[in-house]
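For the sequence shown, the UniProt record's numbering gives the first residue as 1, with consecutive numbering after it. Just so it is clear, CB atoms sit at the ideal spot from N, CA and C, and this is done for glycine as well.
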Amino acid sequence: MLSESSSFLKGVMLGGIFYALIAMLGHIKIGHGNRMHHHEHHHLQAPNKEEILKISEDERMELSRSFRVYCIILVKPKDVSLWAAVKETWTKHCDKAEFFSSEDVKVFESVNMETNDMWLMMRKAYKYAFDKYSDQYNWFFLARPTTFAIIENLKYFLLKKDPSQPFYIGHTIKSGDLEYVSVEGGIVLSVESMKRLNSLLNIPEKCPEQGGMIWKISEDKQLAVCLKYAGVFAENAEDAEGKDVFNTKSVGLFIKEAMSSHPNQVVEGCCSDMAVTFNGLTPNQMHVMMYGVYRLRAFGHTFSDALIFLPPNGSDND
């Protein structure tokens, strides 16, 4: 009797393990299949230099002039020191940058959204930008004041992307069935995505002002829900080596992590050479980044870049 019970238990255990293995394999296969079917362009990469060099010099110059990025920075009065740092640093490289604040702030010019709710601020800022500038700019970049962006790298990344297509790009995060671009690393929308989003802003059942849930979800998740109804899906931006170019952490934090995980490859393993954003910076760190990215030069070490993106006319920055 004991032998029969033992055999039965072994059978149950083996059967359970076999079932779990089959289920796991099935899940991987099905998950992969769904991603390929519904989301064919989940990982987007920048063009390589060789591709760009095949274009004539005149075409390259025209390309560099035609890329126009409008920058949206969402701020609150408590962010005033960050606001000042962002205004004095990387935003001068946007073709146009505007600050959208929760209320009027005398010391800085901004568009007053008259709300503290970050999702309402984001909605209103996108609507304002589309209504006023959809015929002037083909890419719209939204960031928080803790983010530092290298706009030239953003333009290079977008070089072969068609703004008349529904692109929604940044650092993607998976949350249940929802995949969204994290606002911490900055969010890029093509003008077509802006158009589709704008058409949904007045349809509460598809893009509500409030989530209508017991709990509140973050503004970047709310945006993803609205865009999903418009057929616009989150795309993760990477370099040729698969490293993220929109970063939700600071350079210092990445270096600290690299020191502990692979100390022999701190520089190589830390971050992408084509990084577009870093987040979580203080005002001082903003100015350090500005110096490192735009001012510091190693004598005799030059980059023969195929394209040059110049700051907008009137900018007093390098």
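- Between F167 and K161, the C-beta spacing is below 7 Å.
- Within the same chain, and ignoring the five residues on either side of W90 in sequence, the residues whose Cβ sits closer than 6 Å to its Cβ are F148, A149.
- Taken through DSSP and simplified to helix, strand or coil, T146 comes out as coil.
- By the Cβ-count criterion, P145 is buried, with 16 or more other Cβ atoms from all chains shown falling within 10 Å of its own Cβ.
- A distance below 6 Å between beta-carbons, with the five flanking residues on each side excluded, links N153 to the following residues of its chain, in chain order: M274, V276.
- For F130, the enclosing alpha helix (DSSP H) starts and ends at 118-133.
- Using a Cβ-Cβ distance cut-off of 8 Å, the segment 243-251 and the segment 164-180 are in contact, since at least three pairs of beta carbons, one from each stretch, lie closer than that value.
- For the segment 147-205, the continuous alpha helix (DSSP H) assignments of 4+ residues that do not extend past its boundaries occur at 151-157, 191-200, in sequence order.
- Taking C-beta atoms under 8 Å as the contact rule, L189 and M122 fail to qualify, at a distance of about 11 Å.
- Taking 7 Å as the cut-off, the Cβ atoms of F130 and N198 count as close.
- The shortest CA-to-CA distance from D177 to any of S110, G231, K216, V225 is the one to V225.
- Taking L253 as the centre and dropping the five residues before and after it, the same chain places the C-beta of G280 closer than 8 Å to its C-beta, in chain order.
- Under DSSP, the beta-bridge partners assigned to D244 are E238.
- Relative to V107, the option among Y126, K132, R196, S81 whose CA is nearest is S81.
- In this structure, F140 sits near M194, with a CB-CB distance shorter than 7 Å.
- If the five residues before and after N116 are omitted, its C-beta is found closer than 6 Å to the C-beta atoms of S102, all from its own chain and listed in chain order.
- For L223, the three-state secondary structure derived from DSSP is helix.
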